[in-house]
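Asks: Heads up, the sequence shown is in UniProt numbering, so the first residue is 13 and it goes up one at a time. Ideal Cβ placement from N, Cα and C applies to all residues, glycine included. Since we're looking at a predicted model, the values are computed, not measured. Supplied in structure tokens, the structure appears directly below.
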Amino acid sequence: DAAPVPASGIPVDPDQEPAHLDECRRCPLYANATQGVPGEGKKRSRIMLVGEQPGDQEDLQGKPFVGPAGSLLERALEQAGLDRNDVYVTNAVKHFKWEPRGKRRLHKTPAQKEVAACHYWLEAELAKIRPAVVVALGSTALKSVLEDRRATLKAFMEAPVRHGAYQVVATYHPAFILRVPDQETREEAMAALVHALRTALELSL
Ligand code: URA
């Protein structure tokens, strides 16, 4: 098989690629992160959840979705009839991008270049897990999963789409839901996330 060419346009040479995320220098984000955060879950998970990038807690613990967004995601999974152990959880970007704000490290949205560079690792996970359904949590994940930087959440939340070997379900990012100030709107967004996870479950059966 020919080596896959990732969205970054940098061809993948297996002899030259880092064997591990912590050796990755495909973009500069490694420099300010504690460690790379790989995906987590069973090898043949039918459903893969893709977030944006690790947050503060994820960066420190080396695991995806272990902070506040992870708690909300776990509640949503439960409401959808799924267990976290049933799904593979990962991110479009594997290193935490942040800027200092006092003593805190404030999340910064990754640049498209960084998302494209990191697509290499997402592709490797997709090839390993071979999910039937990929749930894109938020716009960064959606653009990476579809390899289309113009894809919008609004357009793709309408219905699942097939992309290559898997169905793509798009929904809100859990951290976005946490930030919605109005309670009613926040509950609607949570319901949309639960609905998307239920759709993923149905499509995976
Ligand atoms: N937000 C994400 O997108 N991913 C995580 O792992 C945690 C928070």
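Helix, strand or coil, according to DSSP, for Met-60 in the structure here?
Replies: Met-60: strand per DSSP, three-state reduction.
Asks: Which residues does DSSP list as the beta-bridge partners of Thr-183?
Replies: Per DSSP, Leu-149.
Asks: Considering only the beta carbon of each residue, do Tyr-184 and Ala-201 sit closer than 7 Å?
Replies: Their beta carbons are under 7 Å apart, which means Tyr-184 touches Ala-201 by this criterion.
Asks: Given that a residue counts as buried once 16 or more other Cβ atoms are within 10 Å of its Cβ, and exposed if not, what is Glu-126?
Replies: Its Cβ being crowded by 16 or more others within 10 Å, Glu-126 is buried.
Asks: Nearer than 6 Å: is that true of the beta carbon of Phe-77 relative to any heavy atom of the ligand URA?
Replies: Flag set: Cβ of Phe-77 near the ligand URA.
Asks: Is Asn-103 near the ligand URA, going by C-beta to nearest heavy atom under 6 Å?
Replies: Answer for Asn-103: yes, Cβ within range of the ligand URA.
Asks: If you reduce the DSSP assignment to three classes, tell me which class Pro-80 lands in.
Replies: Helix.
Asks: Going by C-alpha to C-alpha distance, which of Ala-31, Gly-150, Cys-36, Ala-139 sits closest to Ala-81?
Replies: Per the Cα distances, Gly-150.
Asks: Is Gly-67 near the ligand URA, going by C-beta to nearest heavy atom under 6 Å?
Replies: Yes.
Asks: Can you tell me the Cα-Cα spacing of Phe-108 and Val-147, whole angstroms?
Replies: Each residue's Cα considered, the two are about 21 Å apart.
Asks: Give the C-beta separation of Pro-76 and Val-49 to the nearest angstrom, bearing in mind that I take them to be a contact with Cβ-Cβ under 8 Å.
Replies: With 8 Å as the limit, Pro-76 and Val-49 qualify as a contact, their Cβ atoms being about 6 Å apart.
Asks: Looking at C-beta atoms only, is the number of pairs between the stretch 206-215 and the stretch 161-181 that lie closer than 8 Å three or more?
Replies: Enough Cβ pairs lie closer than 8 Å, so yes.
Asks: Hey, which unbroken runs of the beta strand (DSSP E) at 3 residues or more fall wholly within the stretch 117-168?
Replies: 145-149, all fully within the stretch 117-168.
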